[in-house]
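Residue numbers (the working numbering): 35 to 400.
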């Protein structure tokens, strides 16, 4: 027997005002208690083996402003599986639909290792193109048209040559995540200005800002573990020092001037993005540099050895993970909901955007 938890969406018992009669007051109180109970349920961690039906059929009903329909299953302590119904509109004799279905499956299987929470919790997305009778009764998949090669893909229509990063970006829309990039092409018909000026932008390597940059940011991180020595003094001496270690430590990866550029890119990352696996310090003199300079013989002068993945293998920000695993939970998603709701706001001519202080912080996705 399946164990389901259904998320309630849209509670509407009328508005309140100062002239509310006793019956109205009773209904209002009941509505507030019910909303509080629903929020507590949505904030509850899903037990292992349970399923949660997430059903926000319209953008207006979704707390992020983006519709979402999927089945969330807690497979074990560290793994959640998402069954996502999708329906690619098929034309007679059109083979592109089958090709794109296969591409979606492949891209999402590749992304398995990249969809994780800050605590290591993994999210596996399983597209469902031919839902079972049980699943079909729960929800119908989002319909997606297939367009020509010059078409700009979005969640309701894919370019026939759609690539993996874009597929992942669009599928995350289907889980309720909002765009985080600056609109550059679509214009407001009333004003002639670019649409969505109120949108809160994510970091450049966020998958909901620039999906290709996000994938470049994490590419090759499964086995790309390197050792680097970071000099606190003259870089030239650091390279000489590396050459000494190269002959003494077989597993040591020497950093040439060219490779230092990559190291500096790593060090320039926000600290929360770094994944340092090991760090130790030792004095220069310990490794017997030839003709050491006076300061290199000082045991207080040290060099750091770091073993790290060049770039963290994760394309989801903490707020993305909470929004997917705890949909509808206002307590856990308060800041994200507030900022995501602005993604598609289009003020009337003469009106200004109001961006809450929380959304002006660079850490709004933490």
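All residues carry an ideal CB built from backbone N, CA and C; glycine is no exception.
Among the options, which one has its Cα closest to the Cα of residue i?
i	options	result
residue 157	396, 350, 390	350
residue 393	383, 217, 236, 178	236
residue 183	175, 190, 196	196
residue 84	383, 116, 133	116
residue 162	155, 194, 387, 119	119
residue 81	232, 139, 96, 110	110
residue 376	220, 100, 155, 245	100
residue 227	382, 357, 62	382
residue 98	353, 380, 387, 388	353
residue 175	190, 186, 218	190
residue 92	200, 207, 139	207
residue 218	224, 247, 186	186
residue 249	188, 135, 147	147
residue 94	201, 149, 374	374
residue 77	359, 216, 139	359
residue 108	60, 164, 155, 223	155
residue 193	54, 369, 59, 130	130
residue 216	198, 232, 222	232
Using only the alpha-carbon positions, how far apart do residue i and residue j sit?
i	j	result
residue 397	residue 151	16 Å
residue 230	residue 378	5 Å
residue 356	residue 79	11 Å
residue 160	residue 181	23 Å
residue 386	residue 213	20 Å
residue 267	residue 348	In this prediction, residue 267 scores a pLDDT of 46, lower than 50, which makes its location untrustworthy; no coordinate-derived value is stated.
residue 247	residue 384	35 Å
residue 380	residue 96	18 Å
residue 74	residue 367	13 Å
residue 224	residue 391	28 Å
residue 153	residue 201	25 Å
residue 238	residue 139	26 Å
residue 58	residue 369	31 Å
residue 188	residue 61	41 Å
residue 135	residue 149	20 Å
residue 144	residue 54	56 Å
residue 395	residue 244	19 Å
residue 133	residue 63	53 Å
residue 112	residue 199	24 Å
residue 164	residue 137	16 Å
residue 220	residue 203	18 Å
residue 222	residue 56	46 Å
If I'm right that residue i touches residue j with Cβ under 8 Å, what's the distance once you round it to whole angstroms?
i	j	result
residue 103	residue 114	Not a contact, Cβ separation roughly 16 Å.
residue 371	residue 364	7 Å
residue 242	residue 211	5 Å
residue 178	residue 122	5 Å
residue 142	residue 240	The Cβ separation is near 19 Å, so there is no contact.
residue 205	residue 389	With 8 Å as the limit, residue 205 and residue 389 do not qualify as a contact, their Cβ atoms being about 28 Å apart.
residue 361	residue 88	5 Å
Look up residue i in the DSSP assignment and give the residues it is bridged to.
i	result
residue 108	114
residue 161	118
residue 178	122
residue 78	Paired residues: none, contrary to the question.
residue 188	191
residue 139	The partner list for residue 139 (beta bridge, DSSP) is empty, contrary to what the question assumes.
residue 150	156
For residue i and chain D, any beta-carbon pair shorter than 7 Å?
i	result
residue 363	Judged by its chain identifiers, the structure shown contains no chain D, having just a single protein chain.
Note to self: At 4 residues or longer, what runs of the alpha helix (DSSP H) sit wholly inside the segment 197 to 256?
What the structure shows: Taken in chain order, the complete alpha helix (DSSP H) segments of 4 or more residues contained in the segment 197 to 256 are 198 to 208, 245 to 252.
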